[in-house]
Amino acid sequence: MLGEHHLIVGGQRSGKSRQAERLAQAWLRQSESHSVTVVATALAFD
469 MLGEHHLIVG GQRSGKSRQA ERLAQAWLRQ SESHSVTVVA TALAFD
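To convert a position in the sequence shown, counted from 1, into our numbering, add 468.
Right under this line is the structure:
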């Protein structure tokens, strides 16, 4: 099975983390074999 990739972008306090968590939980509920990796980046002093 192929995985899914999502790029979530937006300004500060725009709900990016909340949306990522929702997508991750939905993906994990679909199958016990699914896994999730989240990569979050920011500039220092952002």
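Built from N, CA and C at the ideal position, the CB exists for glycine as well. If you're wondering where the values come from, they're calculated on a predicted model, not measured in any experiment.
{"Check": "Alpha helix (DSSP H) segment containing residue 486, residue limits", "Outcome": "484-498"}
{"Check": "C-alpha gap between residue 510 and residue 480, whole angstroms", "Outcome": "10 Å"}
{"Check": "Cα-Cα separation between residue 503 and residue 513, rounded to whole angstroms", "Outcome": "31 Å"}
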